[in-house]
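Working notes, structure below.
Number of protein chains: 4
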Amino acid sequence: MAEYEIGSFKIELDLTKPLYEQVLDQIRHAIARGEVELGSKIPSVRELALQLKINPNTVMRAYQELERDKLCETRRGQGTFITTSEEKVMEIKKSLAKDALNVFVSSMKDLGMDRSSAQKLLEEVEWE
Amino acid sequence: MAEYEIGSFKIELDLTKPLYEQVLDQIRHAIARGEVELGSKIPSVRELALQLKINPNTVMRAYQELERDKLCETRRGQGTFITTSEEKVMEIKKSLAKDALNVFVSSMKDLGMDRSSAQKLLEEVEWE
Amino acid sequence: MAEYEIGSFKIELDLTKPLYEQVLDQIRHAIARGEVELGSKIPSVRELALQLKINPNTVMRAYQELERDKLCETRRGQGTFITTSEEKVMEIKKSLAKDALNVFVSSMKDLGMDRSSAQKLLEEVEWE
Amino acid sequence: MAEYEIGSFKIELDLTKPLYEQVLDQIRHAIARGEVELGSKIPSVRELALQLKINPNTVMRAYQELERDKLCETRRGQGTFITTSEEKVMEIKKSLAKDALNVFVSSMKDLGMDRSSAQKLLEEVEWE
DNA sequence: GTGGTCTAGACCACA
DNA sequence: GTGGTCTAGACCACT
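Protein chains in written order, with this note's numbering: chain A, 41 to 168; chain B, 41 to 168; chain C, 41 to 168; chain D, 41 to 168.
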């Protein structure tokens, strides 16, 4: 487990998921949480790879997915920048929340539990 | 996407997860939901493989994981049987529910949402 | 788990070992413990199979191994009899004890433990 | 019977047990004995398969069981690594010793022997 | 190059 | 007939 503060967001790595997905996820979540300034520059592929001590290909793959989702924009010769679109951020936040909710709900259903059981679990779980 | 009614549980297959894991998961959930009779025989490795049109080794791998979790018992020359332990079933149900809850909660936290936001989402989501 | 009192010895079955081996082992150990009268008749293959609710082939296989070890003798038309040889019994007892000891010692060595560590374990283990 | 020195542990194969179990057992015991450096990389699936002249799947099965027991960690694209947890190693050592002891004790009981007889056997057995 | 999944098919042990 | 082991070889995901 490693932890890094990169530009304005920090990245923790574990071993249970693909690296590129972790990098991707953490940047995405940092944006959704509003922790990175819109329009700001993020580290170059090489720079981030160096700091995380991982392969540049791995970082690149994460950046490419971010770009596909329109969360980043690459400008030739200048670097990679977070989107300036407030809407895009809200959209991604809603989308990530919805995905998580759907996974949870379908798991509950798979276990034959109803909404109120799920609510009870959520009420009782330790949050922080 | 294929769907099968096997003995007392049905199995759907998609392509996003390993086959053996899907078979495993669906049997596990069927047990947790109490849809399979404790102590009952489940289809033989070859039979289920035939019906799902997958390789017997793939089915066996699922069965072996079930056995490791003590959810099944296999008797060479006789077949594979669901555990008779009511406790084991409750245990697995709790464990699966807890896993799902934890994933959900940590996603919510990653998005910077608090418990009440999560509760609101859960309240509003379409359930059935 | 089933338990049966057969002739002069009782047989417990579990599911972790081949059935024939369990039957074999338990008769062999009963002889070694001196719990069966030398020269006495043991149940026929069919009779024991019926009582244990297992396949006669399974019982037969156990009896065949007993005969191979000269612990039993089959007399045509009369049935199967425990050996009358006191020596044979001592021999089998020593042999079984030695086997168990060897397995234990080699396990201890595989773990890099010396004799005194093994002795300590044996001293401290709950016996009854 | 074949014997190999692989990285820092050697592996002997016989024919009385499943191959994957032998590979598994020997690595497990090597870890328990403290003969492999914690955190170190073990041979790749393919490499070990080549040296032992067995199928890669067979090696993988052993590695996967090690991982389930948290004795190894596998990182896709990088290799398989011994756990860094000192505790885990002690735990596995104790567990293996306990298993061996239990087997021995129950065999002794099955033969009608008491603790002191067992101790006598252990005292007299040739150790090295 | 690494590990992971899946297949097809052989052969064995057990009931 | 059942489950269990092993092989050979394909194809995929990740670094």
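Even for Gly, the Cβ is constructed at its ideal location relative to N, Cα and C.
Query	Result
Reduced DSSP category for Glu166 of chain B - H, G, I as helix; E, B as strand; rest coil	coil
Chain-ordered neighbours of Met153 of chain B on chain A, where CB pairs are closer than 8 Å	Ala137
Alpha-carbon to alpha-carbon, Arg101 of chain B and Tyr60 of chain D	15 Å
Close-in-space but distant-in-sequence residues of the same chain around Lys57 of chain C (CB under 6 Å, 5 per side omitted)	none
7 Å Cβ shell around Thr114 of chain C - same chain, five flanking residues per side excluded	Glu107 and Thr120
Opposing strand residues paired with Phe144 of chain C [DSSP bridges]	None, per the DSSP bridge assignment.
Pair within 7 Å by beta-carbon distance, Ala140 of chain C and Ser147 of chain D	yes
Lys138 of chain A versus Asp54 of chain C - alpha carbon distance	49 Å
Minimum length 3: unbroken beta strand (DSSP E) runs contained in the region 78 to 122 of chain D	112 to 115 and 119 to 122
Proximal residues to Lys81 of chain C (C-beta, below 6 Å), its chain only, five neighbours per side dropped	Gly119 and Phe121
Nearest-angstrom Cα separation, counted from Ser157 of chain D out to Gln159 of chain C	12 Å
Check whether Leu111 of chain A and Thr98 of chain A have beta carbons under 7 Å apart	no
Coil, strand or helix - Leu53 of chain B by DSSP	strand
Candidates D:Lys149, D:Glu168 and D:Ser84, of which the one nearest Val165 of chain C by Cα	D:Lys149
Within chain C, partners of Met148 of chain D - CB distance below 8 Å	Ala137 and Ala140
Distance, Asn142 of chain B Cα to Arg155 of chain B Cα	13 Å
Pair within 7 Å by beta-carbon distance, Lys133 of chain B and Ala70 of chain B	no
Buried versus exposed, by CB contacts within 10 Å (16 or more), Arg68 of chain B	buried
Minimum C-alpha distance to Leu136 of chain D - residue among D:Asn95, D:Asp65 and D:Glu77	D:Asp65
Beta-carbon proximity list for Tyr103 of chain B, same chain, < 6 Å, skipping 5 on both sides	Thr120
Endpoints, the alpha helix (DSSP H) within which Asp65 of chain A is located	Leu59 to Ala72
Cβ of Leu92 of chain B within 7 Å of any chain A Cβ	no
Own chain residues within Cβ distance below 6 Å of Gln62 of chain B, not counting five before or after	Leu53
Contact set between Gln159 of chain C and chain D, taken where Cβ atoms lie within less than 8 Å	Gln159, Leu162 and Glu163
Chain C within 7 Å of Val1 of chain D, Cβ atoms only	In the structure as shown, chain D begins at 41 and stops at 168. Residue 1 of chain D is therefore absent and cannot be evaluated.
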